[in-house]
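Colleague: Note that the protein sequences, when read in sequence, are chains A and B. Heads up: the first sequence at position 193 corresponds to 193 in our numbering, and the numbers run straight through without jumps. Heads up: the second sequence at position 95 corresponds to 303 in our numbering, and the numbers run straight through without jumps. Each residue gets a CB set at the ideal place from its N, CA and C atoms; glycine is no exception. The structure follows.
Protein chains: 2
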Amino acid sequence: MIKKNNIGIFIFNDVDILDFSGPYEVFSRTRLVAGLESRLSEETSPFKVFTVSEQKKTITVSGGLKITADYNFANSPNIDILLVPGGMGTRSLVESETTIEWIKNIANIASTVTSVCTGSLLLAKAGLLKNKKATTHWGALSLLKSISASTKVVSNERVVKDGVITSAGVSSGIDMAFTVVSMICGEDVAYDTAKYIEYQRSVKVVSN
Amino acid sequence: MIKKNNIGIFIFNDVDILDFSGPYEVFSRTRLVAGLESRLSEETSPFKVFTVSEQKKTITVSGGLKITADYNFANSPNIDILLVPGGMGTRSLVESETTIEWIKNIANIASTVTSVCTGSLLLAKAGLLKNKKATTHWGALSLLKSISASTKVVSNERVVKDGVITSAGVSSGIDMAFTVVSMICGEDVAYDTAKYIEYQRSVKVVSN
Chain A
1 MIKKNNIGIF
11 IFNDVDILDF
21 SGPYEVFSRT
31 RLVAGLESRL
41 SEETSPFKVF
51 TVSEQKKTIT
61 VSGGLKITAD
71 YNFANSPNID
81 ILLVPGGMGT
91 RSLVESETTI
101 EWIKNIANIA
111 STVTSVCTGS
121 LLLAKAGLLK
131 NKKATTHWGA
141 LSLLKSISAS
151 TKVVSNERVV
161 KDGVITSAGV
171 SSGIDMAFTV
181 VSMICGEDVA
191 YDTAKYIEYQ
201 RSVKVVSN
Chain B
209 MIKKNNIGIF
219 IFNDVDILDF
229 SGPYEVFSRT
239 RLVAGLESRL
249 SEETSPFKVF
259 TVSEQKKTIT
269 VSGGLKITAD
279 YNFANSPNID
289 ILLVPGGMGT
299 RSLVESETTI
309 EWIKNIANIA
319 STVTSVCTGS
329 LLLAKAGLLK
339 NKKATTHWGA
349 LSLLKSISAS
359 TKVVSNERVV
369 KDGVITSAGV
379 SSGIDMAFTV
389 VSMICGEDVA
399 YDTAKYIEYQ
409 RSVKVVSN
């Protein structure tokens, strides 16, 4: 059995649906063996994907869909890869000490920290983007800068990797997820998974 | 207040997460007024998006995420646009008379019937793809033909429009959703919504 990487996706009320479900699709469909058959079981899956909310089990995402969190801050398993999605809910969460502290603590032990869209505002508030290149949704670039003045805010790029991996708005989270798959499992596995979900990747990544 | 189109998304155990959440994102984020501000309310939203399951409230989607269906077959509001996503769950559902009958009945009154990925297998079983061009996930092209022999199965295209609108695997459902937005609200609205969610559309649509 392969040692799986635990991917913890932080969810909250008014998280954007595609921000988290795009990467969820990519990570949960990745297999180390190419083709269709390998997707019928978890045997060659390199990731275990789960959702973590602060406290509540039922979370209302953008558009009104209700989802059930797998874990909360108190009972979450160890997180190797942290994914912080965006959405309107991030605007109040930047003021939530509990959330920002949790992100800080997880970032201390996780091997990889990632964000999609305005999820980067929470990483910025947690001090994780100090003096780093980072991006966010095009409508929140100046907000990101206002939270973390030392951050070199990158515009017009989908994925930015500078220790922490941030991505631009909503659908670019899918490209970010493929960047992580490629880093951990190699480009062949990322290519094969994109073929499986018929996604036309943007493979350009801005690095420091 | 704009008269909204009701979009009913059929969900079931082992529905693929991106198959339904991609179009959910597109439809729920569409606004008739361009830009950021309009997204803060539902005022200029042309669609009302909801999920419908056969009976159960809690549905386990691909990868294990649990979601709550808004309605069931018995209490669903009127559906203007039906969306049938795919996923491993479709393999048993092609044998479900209740499901196939429901799809037939909704298709009789809906203005638009769409599918993503192997959702087209259910449309085929319901007789909705007879003598029509249609597509599905690349791994299920021959299965689609075996269910509906008269269907002109199209490969290597993301969106196929021939009365019914079918799309290829998983992420191509996002392009299908933009095709519907463009049909109903015009290309400017589709363009602006794609910009908002930072999606690089594949705008080619194969028509009859």
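Please confirm whether residue 153(B) has its beta-carbon closer than 9 Å to some beta-carbon of chain A.
Modeller: Residue 153(B) lies beyond the residue range present for chain B, which begins at 209 and ends at 416; the question has no answer from this structure.
Colleague: Between residue 343(B) and residue 362(B), which are expected to be in contact by the criterion C-beta below 8 Å, what is the C-beta distance as a whole number of angstroms?
Modeller: Confirmed, about 5 Å.
Colleague: With 8 Å as the limit, tell me which residues of the stretch 163-179 of chain A have their beta carbon closer than that to any beta carbon of chain B; keep them in chain order.
Modeller: Against chain B - using a Cβ distance shorter than 8 Å - the residues of the stretch 163-179 of chain A are 168, 169, 170, 171, 172 and 174.
Colleague: List, in order along the chain, the chain B residues whose C-beta lies closer than 9 Å to that of residue 147(A)?
Modeller: Within 9 Å Cβ-Cβ: nothing; residue 147(A) doesn't reach chain B, min ~18 Å.
Colleague: Could you tell me the alpha carbon to alpha carbon distance between residue 94(A) and residue 53(A), rounded to whole angstroms?
Modeller: So the alpha carbons of these two residues sit roughly 15 Å apart.
Colleague: Name the two residues that bound the continuous alpha helix (DSSP H) containing residue 383(B).
Modeller: Residue 383(B) -> alpha helix (DSSP H) spans 380-393.
Colleague: What residue from 17(A), 47(A) and 12(A) has the CA that sits closest to residue 29(A)'s CA?
Modeller: Nearest C-alpha to residue 29(A): 47(A).
Colleague: Output needed in chain order: residues of the stretch 251-280 of chain B with a Cβ under 8 Å from some Cβ in chain A.
Modeller: Cβ contacts with chain A come from 257, 258, 259, 266, 270, 271, 272, 273, 274, 275, 276 and 278.
Colleague: When you compare only the Cα positions, how much space is there between residue 217(B) and residue 290(B)?
Modeller: Approximately 6 Å, taken between the alpha carbons.
Colleague: Are any of the Cβ atoms in chain A nearer than 9 Å to that of residue 346(B)?
Modeller: Yes, because at least one Cβ of chain A sits closer than 9 Å to the Cβ of residue 346(B).
Colleague: Between which two residues does the beta strand (DSSP E) carrying residue 50(A) extend?
Modeller: Per DSSP, residue 50(A) belongs to the beta strand (DSSP E) from 47-53.
Colleague: Whose Cβ in chain B lies nearer than 8 Å to the Cβ of residue 197(A)?
Modeller: Chain B residues near residue 197(A): 226, 377, 378 and 379.
Colleague: Can you give me, in chain order, the residues of the stretch 234-248 of chain B that have a beta carbon less than 9 Å from any beta carbon in chain A?
Modeller: So the close ones are 234, 235, 236, 237, 243, 244, 247 and 248.
Colleague: My understanding is that residue 315(B) touches residue 334(B), with C-beta atoms under 8 Å, so please give their C-beta distance in whole angstroms.
Modeller: Sure, about 7 Å apart at Cβ, within 8 Å.
Colleague: Taking the DSSP output, what are the residues bridged to residue 218(B)?
Modeller: DSSP output for residue 218(B) lists 260(B) as bridge partner(s).
Colleague: Please compile the residues from chain B whose C-beta is within a distance smaller than 7 Å of the C-beta of residue 21(A).
Modeller: Here the neighbours are 225, 226 and 229.
Colleague: With 9 Å as the threshold, decide whether the Cβ of residue 232(B) is near any Cβ in chain A.
Modeller: Yes, contact with chain A.
Colleague: So if DSSP puts residue 72(A) in a beta bridge, which residue, or which two residues, is it bridged to?
Modeller: 53(A), per the DSSP bridge assignment.
Colleague: Going by the CB atoms, is the gap between residue 235(B) and residue 257(B) shorter than 9 Å?
Modeller: Cβ atoms of residue 257(B) and residue 235(B): closer than 9 Å.
Colleague: Helix, strand or coil for residue 244(B), going by three-state DSSP, please let me know.
Modeller: Reduced to three states, the DSSP call for residue 244(B) is coil.
Colleague: In three-state terms, what does DSSP make of residue 367(B)?
Modeller: Strand.
Colleague: When we look at the beta-carbon of residue 114(A) and count the other beta-carbons within 10 Å, is it buried (16 or more) or exposed?
Modeller: The residue is buried, with at least 16 neighbouring Cβ atoms inside 10 Å.
Colleague: Can residue 226(B) and residue 381(B) be called in contact, C-beta distance under 9 Å?
Modeller: In contact: residue 226(B) and residue 381(B) (Cβ atoms closer than 9 Å).
Colleague: Please report the residue range of the beta strand (DSSP E) in which residue 267(B) lies.
Modeller: Taken as a continuous stretch (DSSP letters only), the beta strand (DSSP E) holding residue 267(B) covers 266-268.
Colleague: Check each candidate in 412(B), 398(B) and 369(B) and name the one with the smallest Cα separation from residue 156(B).
Modeller: Outside the modelled stretch of chain B, which goes from 209 to 416, sits residue 156(B), for which no answer is possible.
Colleague: Quick one: complete alpha helix (DSSP H) runs, 4+ long, within the stretch 312-341 of chain B?
Modeller: Taking only runs of at least 4 residues, the alpha helix (DSSP H) segments lying wholly in the stretch 312-341 of chain B are 327-333.
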